[in-house]
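Sequences listed follow chains A, B, C and D, in order. Under my numbering, the first residue of the first sequence is numbered 1, with each subsequent residue one higher. Under my numbering, the first residue of the second sequence is numbered 229, with each subsequent residue one higher. Under my numbering, the first residue of the third sequence is numbered 457, with each subsequent residue one higher. Under my numbering, the first residue of the fourth sequence is numbered 685, with each subsequent residue one higher. Yeah, the Cβ is synthetic: ideal placement off N, Cα and C, and Gly gets one too. Note that the coordinates shown come from a computational prediction; the quantities given were computed from them, not determined experimentally. Working notes, beginning with the structure itself.
4 protein chains.
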Amino acid sequence: MLARVSSTPTFRRLPRAVREQQMLDAAVKVFSRRGYHAASMDEIADDAGISKPMVYAYLGTKEELFIACLHREGTRMMQAIAGAVAPDLSADERLWRSLRAFLGFVGAHRDGWAVLYRQARGEQPFAGEIAAMRSRMVEIVAGMLAHTLRAECREVAETELEVVAYALVGATESVADWLVDHPEADPEQTATRVMNVAWVGAAQLLAGTSWHPPTSQGEAPPDAPSAG
Amino acid sequence: MLARVSSTPTFRRLPRAVREQQMLDAAVKVFSRRGYHAASMDEIADDAGISKPMVYAYLGTKEELFIACLHREGTRMMQAIAGAVAPDLSADERLWRSLRAFLGFVGAHRDGWAVLYRQARGEQPFAGEIAAMRSRMVEIVAGMLAHTLRAECREVAETELEVVAYALVGATESVADWLVDHPEADPEQTATRVMNVAWVGAAQLLAGTSWHPPTSQGEAPPDAPSAG
Amino acid sequence: MLARVSSTPTFRRLPRAVREQQMLDAAVKVFSRRGYHAASMDEIADDAGISKPMVYAYLGTKEELFIACLHREGTRMMQAIAGAVAPDLSADERLWRSLRAFLGFVGAHRDGWAVLYRQARGEQPFAGEIAAMRSRMVEIVAGMLAHTLRAECREVAETELEVVAYALVGATESVADWLVDHPEADPEQTATRVMNVAWVGAAQLLAGTSWHPPTSQGEAPPDAPSAG
Amino acid sequence: MLARVSSTPTFRRLPRAVREQQMLDAAVKVFSRRGYHAASMDEIADDAGISKPMVYAYLGTKEELFIACLHREGTRMMQAIAGAVAPDLSADERLWRSLRAFLGFVGAHRDGWAVLYRQARGEQPFAGEIAAMRSRMVEIVAGMLAHTLRAECREVAETELEVVAYALVGATESVADWLVDHPEADPEQTATRVMNVAWVGAAQLLAGTSWHPPTSQGEAPPDAPSAG
DNA sequence: GATGAATGAGTCTTCATTCAT
DNA sequence: TATGAATGAAGACTCATTCAT
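In structure tokens, the structure reads:
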């Protein structure tokens, strides 16, 4: 009603970019706490200190909003990893540093990427996003492995390489989940353990020391599918 | 409208046990297809060819129903594994067979256990169930590892053992997820790959060939937490 | 399947009358505990140790069942009162004994008549029943008052008499409610108090010592109905 | 479809306060007509000319809505009473005017306070509210009685006073119920009758003319509790 | 730009009641 | 007689989403 004298600057009317970050912050927080479905747009808007229509205007649908969160957090994580490896390091060293950076990041933001990621895996609408993210990680890992191999003048089939890379990423994801659920765990130590179990295994494998199923006679491939 | 000729007996008014299985079948199917939240009790009831109140009467709440599904499928999976290993086999052999049985089972029921399990991991209400299931699997694996070790007269700290077991289980879970998403993949071959990557790594590790982080000078632990 | 040897007589197949009483016992109990709506036919049947269709077969609809409860408890209460007054007593004495018997009964069965009655007053479907019960009580009271008056050779308009009787019954009902909610209260003492407050007032009134509104000038009857 | 000529302004999008009153109006109406349980939120929303979610947004749960109705009507009634008594009147006069105002109010809004109150008495969830309301009324009455007594330099035990006040309030409530059920009755006349019966009784009592149970020989306190 | 007001649609859940055995 | 099996109908409550100001 009255002309408001803006001696103390109220922080309304912020530029779009800032507002968007506030919203994303709130969204990440709420999605992490409640899960995708249990999170309500109301709570997110409230938490961002903004009205609901603004959220829709800036970030779109709930689904889009969730994806935006996933992207922002994913990007941050990727940057944390990229920032930890220098291109002049040996492939092994880069491997180790990436892993450590990854688990370090997850451990430091226990309500960020990993939680959203875990949730997204269970929900269909995000299948595409998830596949894309995982592909990116698999590529990086595969690249490192390939580098190592090439350095040793060894050749491994493309497919084989990808599968191994995939397995390693999967294992690491899983450990990341575990890390989120165990706040008392030390990321660095955890990284060491993973390096030991999985990556050493991979190294062995790629070095040629592979394992083969025993050729047992007469054993049937298990699980003849029972009736539905 | 028409006088129904009851040559084929109508399947109304079935005994409880039968109906419960029908319901669980339907529930597993729908939960897998749609995801926990998107699945509606209506669709489940319809799919089971029965009215909603029966579902509530027999299996309880949606949450309880989901847990019941998880249990049934989990139990079936465990049985598939148990049926694949004979107690007189060597620990190594049992390890391999368990893994193969597990991935075989997952591959054969791509809309069963693995999908439910994956969904449950993202939702808070099922945290307890998930933890319990994983514990059971970790125990089994740890038991096998311990057996192997003891056979070789080697000792490993209890904690270390558990962590390794956990990592292996996590990796395997993750590969199971992958298997579900890749219908063209061959479970047996996939099992071999996992055995190669992860379990060979574990073997190496337990054999003493462990890996240690390089003592690099001056490198800071990454990711000084940025502002929230 | 097998012919059951009934050496120990199981108490199934009871005569109808007994079964009905069991059901009514259970119904009164559950209705009192939960209230009419919150009570479920399931719980009543369970509590009676009988299957639901039997309840319907014997006592009919939930509404009818509730009315049956109301009747049985009302009759018991009436009998308790009738048993307490001998016809050769003076009207005053009969009045006092009735009141005492009534509150005594209510106090002794705190989950019986009074609770059902109170619930019934709020729900439309029972309006008829309630009206009938109250009529019966009002009649009794009015009869006693009339007797007293006639003994004193005094005449009071029929209408006036009924209204006074009604007021007394209403007051007593209300105190009965209170008694149910105050288990520590002593029925006998409470009866004395009611006798003091209400019945003494009635006596005064009927004796001619009546009160008249002050003839104030210019005061408007309050509450000119507001909008709405 | 047609261009709506907005000569008469459509009453959509009203300010919150207005809508809340509309909703409460509708709620009181429907609760009175149907009873608490039989009333559906749908009907209330319809009757208020608004969608259900608005009702939940503004007034909360069905239970909360009912309590809000009870409060609004209770407050209105209290105000009607307060507006009828001037502080400079004698205690007797204030007593009479309060009673008249109360019954006048009840009579003028036969689907308002009294009906809700009667319903609330039967349902557990509202026990607290009811107790609070009655307490307030008992206090007022007790205050008036105390004033009268003090004016006559008489002393009565605190407890006794409260009980008498309670009895009077109970009696009045009950008569209010009756009034609601007898639309043809005249509130003013009814008030006079109550004043005669109950309050004159109280006056007698407090004046010392009390009644005592006859010391009859050999009569047992009735109703030795039967089984069950 | 920003928001209070508003809703359509849908979900879980419960319950009185009745077949078919 | 007695009951397990079965359901139609309805109700409370929530939420993502969008006008109209």
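- Within the stretch 760-789 of chain D, the residues whose Cβ lies closer than 9 Å to any Cβ of chain C are, in chain order, Arg760, Ala764, Ile765, Gly767, Ala768, Asp776, Glu777, Trp780, Arg781, Arg784, Ala785, Gly788 and Phe789.
- At a cut-off of 8 Å between beta-carbon atoms, His638/C makes no contact with chain D.
- In the structure shown, Leu242/B falls within a coil segment according to DSSP collapsed to helix, strand and coil.
- A Cβ-Cβ separation of about 25 Å leaves Ser716/D out of contact with Ala627/C under the 8 Å criterion.
- DSSP, reduced to helix, strand and coil, places Ser774/D outside both helices and strands of the structure shown, so it counts as coil.
- Nearest CB-CB separation between Met593/C and chain D: not below the 8 Å threshold.
- The CB of Ala658/C comes closer than 8 Å to the CB of Val881 and Gly885 in chain D, given here in chain order.
- Between Ala882/D and Val594/C the beta-carbon gap is near 16 Å, outside 8 Å, which marks them as no contact.
- Taking a beta-carbon distance threshold of 8 Å, Val175/A counts as an interface residue toward chain B.
- Contact between the stretch 775-794 of chain D and the stretch 750-766 of chain D is present, with at least three C-beta pairs closer than 8 Å.
- Of Asp186/A, Tyr166/A, Asp42/A and Arg121/A, the smallest CA-CA separation from Lys62/A is found for Asp42/A.
- With contact defined as three or more Cβ pairs closer than 8 Å, the stretch 141-155 of chain A and the stretch 116-130 of chain A are not in contact.
- With its beta carbon at least 8 Å from every one in chain B, Ala146/A lies outside the interface.
- Counting the other Cβ atoms within 10 Å of the Cβ of Pro187/A gives 16 or more, which makes it buried.
- Residues of chain A whose Cβ lies closer than 7 Å to the Cβ of Trp406/B are, in chain order, Tyr166 and Gly170.
- Counting every other CB atom within 10 Å of its CB across the protein chains shown gives Thr671/C a total below 16, marking it as exposed.
- For Pro737/D, the nearest beta carbon of chain C is not closer than 8 Å to its own beta carbon.
- Shortest Cα-Cα distance from Val878/D to any of Tyr622/C, Thr646/C and Pro639/C involves Tyr622/C.
- At a cut-off of 8 Å between C-beta atoms, Arg19/A does not count as an interface residue with respect to chain B.
- For Gly758/D, the closest C-alpha among the options Trp862/D, Ala710/D, Ala826/D and Arg818/D is that of Arg818/D.
- Rounded to the nearest angstrom, the Cβ distance from Cys297/B to Val246/B is 17 Å, too far for a contact under 8 Å.
- Listed along the chain, the chain B residues whose CB falls inside 8 Å of the CB of Gln124/A are Arg262, Gly263 and Ala266.
- Nearest CB-CB separation between Thr899/D and chain C: not below the 8 Å threshold.
- When the Cα atoms are used, Val714/D and Ile734/D turn out to be separated by approximately 14 Å.
- When DSSP states are grouped into helix, strand and coil, His493/C belongs to the coil group.
- Between the alpha carbons of Glu412/B and Ala276/B lies a distance of about 29 Å.
- Under the DSSP assignment, His668/C falls outside any alpha helix (DSSP H); it carries neither an H nor an E label.
- With 16 or more neighbouring CB atoms inside 10 Å of its own CB, Ala142/A falls in the buried class.
- With its beta carbon at least 8 Å from every one in chain A, Arg338/B lies outside the interface.
- Close partners of Thr420/B in chain A (Cβ separation under 7 Å): Pro213.
- With a 10 Å radius around the Cβ and a threshold of 16 neighbouring Cβ atoms, Ser40/A comes out exposed.
- Taking C-beta atoms under 8 Å as the contact rule, Ala114/A and Asp177/A qualify, at a distance of about 7 Å.
- For Thr604/C, the enclosing alpha helix (DSSP H) begins and ends at Ala583 to Ala607.
- Within chain C, Arg649 have C-beta atoms less than 8 Å from the C-beta of Val847/D, given in sequence order.
- Taking C-beta separations shorter than 7 Å and ignoring five residues to either side along the sequence, the partners of Trp96/A in its chain run Met195, following chain order.
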